Structures are given as structure tokens and as C-alpha cells.
Amino acid sequence: MPGTARLRITRPLPTLDAWVNAFASAEIPVLAETAAEINSLRELEDDVDAHQLTGLVTSDPLMSLKVLAFAGELRRGRLTNDTETVTAALVLMGISPFFRNFSDQPTLEERLADNEEALLGLSRVLQRAERASRFALSFAAHRADPDAAVITGAALLHDFAEMLLWVHAPDLALEIARRQAADSTLRSAVAQREVLGIELHELEQALMRRWHLPALLMRITDDKHARDNKVRCVYLAVRLARHLAHGWDNAALPDDLHDIAELLNLNPTHTLKLLHEFD
40 MPGTARLRIT RPLPTLDAWV NAFASAEIPV LAETAAEINS LRELEDDVDA HQLTGLVTSD
100 PLMSLKVLAF AGELRRGRLT NDTETVTAAL VLMGISPFFR NFSDQPTLEE RLADNEEALL
160 GLSRVLQRAE RASRFALSFA AHRADPDAAV ITGAALLHDF AEMLLWVHAP DLALEIARRQ
220 AADSTLRSAV AQREVLGIEL HELEQALMRR WHLPALLMRI TDDKHARDNK VRCVYLAVRL
280 ARHLAHGWDN AALPDDLHDI AELLNLNPTH TLKLLHEFD
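The numbering of the sequence shown is my numbering, which starts it at 40 and goes up by one.
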């Protein structure tokens, strides 16, 4: 599971393994609102259930990541199936152990208090993840996919390595953002490799393996399996949320609309109407 060290990287690390080791040993802060709500609910521990905690945890991508990683560690050496959702992870660990292990969380606002620009950049990624998760849930529900909860969680966590970069290496995250702002044709993966020496997708998959996250979650967040309809739900939801960050008149939206219509087996007009409802 994630470590407890405070980390601040200012220069690119030499290898992917070095990035993985650094991020895996680092403390992951969460939203101040999440930390406060956990501490508040601890006073009512006997009246709290896993469903109530699920709503709290899944409103914060990095808190979701921490809970799933903790459950992954608990599963090691046990004859138990993957805990593919936050709810399953909470049931596995129990309510009292949750509060024992996750009270008094470090916060993102405190961690980036000296870097308002980085906090704003991170906030945009968190908002995009929340929007993507809503789209993914809607797509999965429309398709009556039995793994809708996993698909929703995968969309929420799809860009967690980018979130962690803003936390642990804000200067490098800002440099990537500046390069892309200066060149609208510069692809994210290219900018990441130029600045970091790696792609965040590689780092993310490696961290998921290190933290023993569920195999289905790993597959659904991996865009290389794009022919799988579960993966397409996540990929298209994330892509749409990224493009909508620039407004509904973004030039890439017609392609998004075409691909989503194909996924949902609808015509483009009906698809656009649904997207506005989902949003």
C-alpha cells in the first residue's frame, strides 16, 4: 500500500522503476473535505455502514485509491477474491479498522498550500475524473453492464498517476501543462516523455501492480484493451470529460459523439441529448 514519506521531486527520475519506488513510498493526501468527514463520522462509528462510507470514499479519487490499495495488501496471503469495488474493500476491512487506519488524513490543500498554481491544476484533474466517472456509469447503465460499479471506479481512477504527479512533482506537472498550452497539437504522452522520461500510463499500471489492485480494474483502466466494451466505456468517458473541460464547442466532440453513439447503439442526435442529461 502507499507509504508515509513526504515527497517532492523537482527533476525527472532516471527510470520507470525509480518513479514507481518513489511514488509507492510516498504519502498520498486526500481532499480536506474528505479528511474532515472521516473524522466526523468516526464519532458515530457504531451507526456507520459500508454503503455510507462508499459514498464518501468514492467522492475523492485519491481516497478511493488508498482504500483499494489497503484492501489489496489485506488480500495478500488470503484465499479471497479481488475486492473490485470500494464497497467490497470496505466490507473486507471492516468499519472499525477503516477508521483506525484512515482517520486524520493528510490533505491536498495543506500539501500544496505553497503552490496555488499546482493546486489549481490538480483540482482540474480531480473535477475531470469525477465527470468521467459519471459518464462511465451512465454508459455502463445504458448497456446494462453487470460491472457498472467497477467501470465507474476505473473512470474515477483512470488518471491517478497524473494526480500524484501534481502532488509529488508539481513543478514537472506544471511544465507539462505549459508545453501543452503553448502547443495544442502536443499529445499528452509525448509531453510526459519529454519532461519525465516516462509516460504516466506506464507509471500507473506499474503502481497498480505494486499495490495489488484488482486485475479487472487494471484491465479496464488500460487503454491498450480498447476493443473491450468495458474499457471503451471508461476510455470514452475519460476522453469526453477531457474535451469538455474546454466547453461543449470543443472541435474533438464530433468524434467523441460518433464513438459513444456506436458504443451505446444510438444515433448521434439521441446520444448528444443523453450526454447533456448525463452531465
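Think of the CB as a built atom: it goes at the ideal place given N, C-alpha and C, for glycine as much as any other residue. Being a predicted model, the structure only gives us computed values, none of them experimental.
Note on geometry: alpha-carbon atoms of ALA284 and ALA127 lie some 32 Å from one another. Secondary structure of VAL87 (DSSP, three-state): coil.
Look at the beta carbons and you see the stretch 64-81 touching the stretch 138-145: at least three pairs across the two are nearer than 8 Å. Per DSSP, reduced to three states, the secondary structure at THR310 is helical. Counting along the chain, the unbroken alpha helix (DSSP H) around ALA245 starts and ends at 239-249. Counting of Cβ neighbours within 10 angstroms places THR308 among the exposed residues, the total staying below 16.
For the pair of segments examined, the stretch 243-261 was found to touch the stretch 183-199: the number of CB pairs separated by less than 8 Å reaches three. DSSP places ALA44 within a strand segment (E or B) once states are collapsed to three. Secondary structure note for SER223: it is in no alpha helix (DSSP H), with a DSSP letter that is neither H nor E. Residue LEU113 holds the alpha-carbon nearest to the alpha-carbon of PRO136 among LEU113, GLU156, ALA157 and ALA230. For the pair ILE190 and ALA183, the CB atoms are not nearer than the 8 Å cut-off.
Distance from the CA atom of PRO41 to the CA atom of ASN306, rounded to whole angstroms, is 44 Å.
The residues GLN144 and THR146, in chain order, have a CB closer than 7 Å to that of ALA74 in the same chain once the five nearest residues on each side in sequence are set aside. Membership of LYS105 in the alpha helix (DSSP H) is indicated by the continuous run 100-114. Residue state for ALA280 is assigned as helix, using DSSP reduced to three classes.
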